[in-house]
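Protein sequences appear in the order of chains A and B.
Taking our numbering, the leading residue of the first sequence gets 48, the next gets one more, and so forth.
Taking our numbering, the leading residue of the second sequence gets 48, the next gets one more, and so forth.
Think of the CB as a built atom: it goes at the ideal place given N, C-alpha and C, for glycine as much as any other residue.
Contents: one structure, followed by commentary.
There are 2 protein chains.
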Amino acid sequence: LRIDCISTISETFAPDLAGKTVIVIDVLRATSTMCTALANGADSIIPVETVAQAKLAAKGEDVLAGERQCKKIPGFTFGNSPLEFTEEAITGKRIVMTTTNGTRGIQKAAKAASVIAGSLLNAGACARAALQLKRDVLLICSGTKDVFALEDGLCAGMIVKELRSIAKEAVAADDLAVALEGAFHFYSEHLEEALLDCQSGVRLSSLGLRGDISYCAQRNTHQTVPIIEDGVLRPFEFRQGLF
Amino acid sequence: LRIDCISTISETFAPDLAGKTVIVIDVLRATSTMCTALANGADSIIPVETVAQAKLAAKGEDVLAGERQCKKIPGFTFGNSPLEFTEEAITGKRIVMTTTNGTRGIQKAAKAASVIAGSLLNAGACARAALQLKRDVLLICSGTKDVFALEDGLCAGMIVKELRSIAKEAVAADDLAVALEGAFHFYSEHLEEALLDCQSGVRLSSLGLRGDISYCAQRNTHQTVPIIEDGVLRPFEFRQGLF
Chain A
48 LRIDCISTIS ETFAPDLAGK TVIVIDVLRA TSTMCTALAN GADSIIPVET VAQAKLAAKG
108 EDVLAGERQC KKIPGFTFGN SPLEFTEEAI TGKRIVMTTT NGTRGIQKAA KAASVIAGSL
168 LNAGACARAA LQLKRDVLLI CSGTKDVFAL EDGLCAGMIV KELRSIAKEA VAADDLAVAL
228 EGAFHFYSEH LEEALLDCQS GVRLSSLGLR GDISYCAQRN THQTVPIIED GVLRPFEFRQ
288 GLF
Chain B
48 LRIDCISTIS ETFAPDLAGK TVIVIDVLRA TSTMCTALAN GADSIIPVET VAQAKLAAKG
108 EDVLAGERQC KKIPGFTFGN SPLEFTEEAI TGKRIVMTTT NGTRGIQKAA KAASVIAGSL
168 LNAGACARAA LQLKRDVLLI CSGTKDVFAL EDGLCAGMIV KELRSIAKEA VAADDLAVAL
228 EGAFHFYSEH LEEALLDCQS GVRLSSLGLR GDISYCAQRN THQTVPIIED GVLRPFEFRQ
288 GLF
């Protein structure tokens, strides 16, 4: 098993994607929210790039979700806070979602063999899904405004650790994956503090969204892995008895 | 004090450099070799980009040093192994040097207020020099073929740690610097193994250059900090009694 890692979406190029299982990581908050929404019973999520595309894609009972500059888009039912996506609010609903970075990452990865949405909430489940998919793995840290984001890097490091702990074959990781694995181990005991102190954390806290950070800093609380098929995110179906 | 970090030379853009002290890091092996050569009494080092430029720049007693694909350039006196640059071989000599990445990094950083060459050998001394220069710091991990290299990232993390330990003011580090600081701490007890296992390490070992890796994995063995002035690297002059 080979694991490569890319430090921001903007460094993602099509040749890196071919034949891979891509795990797009946007811990604060898009991929944490996608995981939560599907775990809480949403039927599916349609990630789109622009507000206009979101409005066009939403039909009938569909709900609109998304943010710009960390704030809910005017007229949308939901923003991008995972705490909004409760069972009561979204069971059975189809969600059309647009965020600054997370949905962009998923669209940019579209040429990969499989694209899943990773977060700290489901890092272990992502590793199990990736092994079941039996392909090399590319971790894409979304970053913020084309700059590396600590929370995404630490999540990438956690997924490398989880993959190593369950893979039956040898694992070859590129240098960035190895560095981030070390960083995850080092900050592991103080993960919530690390997320509060990093650049996205400081920004979200200043907007009164500290609760989102604490929620997104939880590890392996969810077994749901959003996977995209024909442009739609649904829960990955695990084969029984594999692990 | 603000510390930013860039993961490869190719991501270095002029606006990032303005007014900064840039520390260019190419642990395997250019900046380790530059530090060693000046510590062992070389008069100065002229870093140039191409083999042709090196031949043009070398006058009289000057010695030519450099590599392509990790191998000594035909007709040059030295390759890029720090072990070649002994006192006997280079005391008083002016060295004209071209390497694939390290000299390129130094040239690309030329618009910064100051440019110094950092390695594990002189990480602590680089931190002291940077504080004496009283400017914000930009760490450039050279990388290999435009890809992040673990050895450069761990050295960047060590320099962040050294800066934090001696700075009297608050230190604000960007997310990549924080991640690499954590990675350095995690691999700190096994630094030589980490360098042997990373991508440059595997390549150098396969060329019989394992001794270079062990040498370059040493920490704070040198107090010499190469700094560029008018295109020439010479030892930074520390003011007395500052630390």
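| query | result |
| --- | --- |
| Check each candidate in B/R115, B/L168, B/G139 and name the one with the smallest Cα separation from B/E209. | B/L168 |
| What's the call for A/P129, buried or exposed, on a 16-neighbour Cβ count within 10 Å? | buried |
| Would you tell me roughly how many angstroms separate the C-alpha atoms of B/R76 and A/G88, rounded to the nearest one? | 54 Å |
| Grouping DSSP H, G and I as helix and E and B as strand, with all else coil, what is A/S189? | coil |
| So A/S161 contacts chain B; which residues on that side make the cut at Cβ distance below 9 Å? | Under the 9 Å cutoff, chain B gives no residues; its nearest Cβ is about 24 Å from A/S161. |
| List the residues of chain B that A/D90 touches, going by C-beta distances under 7 Å, in chain order. | Correct list: empty, because the minimum Cβ distance to chain B is about 35 Å. |
| Out of B/F132, B/I93, B/G122, which has the shortest C-alpha to C-alpha gap to B/D259? | B/F132 |
| Can you name the residues of chain A whose CB is closer than 9 Å to the CB of B/D259? | Correct list: empty, because the minimum Cβ distance to chain A is about 18 Å. |
| Determine the chain B residues that contact A/H232 at a beta-carbon separation under 7 Å, and present them in chain order. | F233 |
| If we cut at 9 Å on Cβ distances, does A/S54 have a partner in chain B? | yes |
| How about A/V194 and A/V71: are their beta carbons less than 9 Å apart? | no |
| Less than 9 Å between the C-beta atoms of B/C173 and B/L227, yes or no? | no |
| Using a Cβ cut-off of 9 Å (strictly closer), state whether A/G229 contacts chain B. | yes |
| Helix, strand or coil for A/R266? Go by DSSP, reduced to three states. | coil |
| Determine the closest residue to A/A65 out of A/P282, A/K192, A/A156, A/C117, with distance taken between C-alpha atoms. | A/A156 |
| Would you mind stating whether B/A224 and B/I50 have Cβ atoms separated by less than 9 Å? | yes |
| Verify the CB distance criterion: does B/D73 have a CB-CB separation below 9 Å to chain C? | Included in the structure are the protein chains A and B, with no chain C among them. |
| Using 9 Å as the threshold, is the C-beta distance between B/A196 and A/D222 below it? | yes |
| Please confirm if B/L167 has its CB atom under 9 Å from at least one CB of chain A. | no |
| Considering Cα atoms alone, identify which of B/A203, B/A214, B/L103 is closest to B/F123. | B/L103 |
| Rounded to whole angstroms, what's the CA-CA distance from B/K67 to A/T59? Just pull it up for me. | 29 Å |
| When you compare the CB of B/V225 with every CB in chain A, is at least one pair closer than 9 Å? | yes |
| Quick check: the Cα distance between B/V218 and B/K106, rounded to an integer number of angstroms? | 44 Å |
| So what does A/D51 bridge to, in DSSP terms? | A/L185 |
| With three or more C-beta pairs closer than 8 Å as the rule, is the region 137-155 of chain B touching the region 237-251 of chain B? | no |
| Straight-line CA distance for A/A170 to A/A84? | 16 Å |
| What residues from chain A crowd round B/L197, counting only those whose CB sits closer than 7 Å? | D222, V225, A226 |
| Taking Cβ-Cβ distances shorter than 9 Å, what residues in chain B pair up with A/Q246? | D221, D222 |
| Under 9 Å, Cβ to Cβ, is there at least one residue of chain A near B/G152? | no |
| So, helix, strand or coil for A/V225, using DSSP? | helix |
| Go through its chain and collect everything with a Cβ distance to B/G200's Cβ below 6 Å, but skip five positions before and after it. | C188, L227 |
| Tell me which same chain residues have a C-beta within less than 6 Å of the C-beta of B/G126, skipping the five on either side of it? | E114, K119 |
| What residue from B/K181, B/P94, B/E135, B/L48 has the CA that sits closest to B/G149's CA? | B/P94 |
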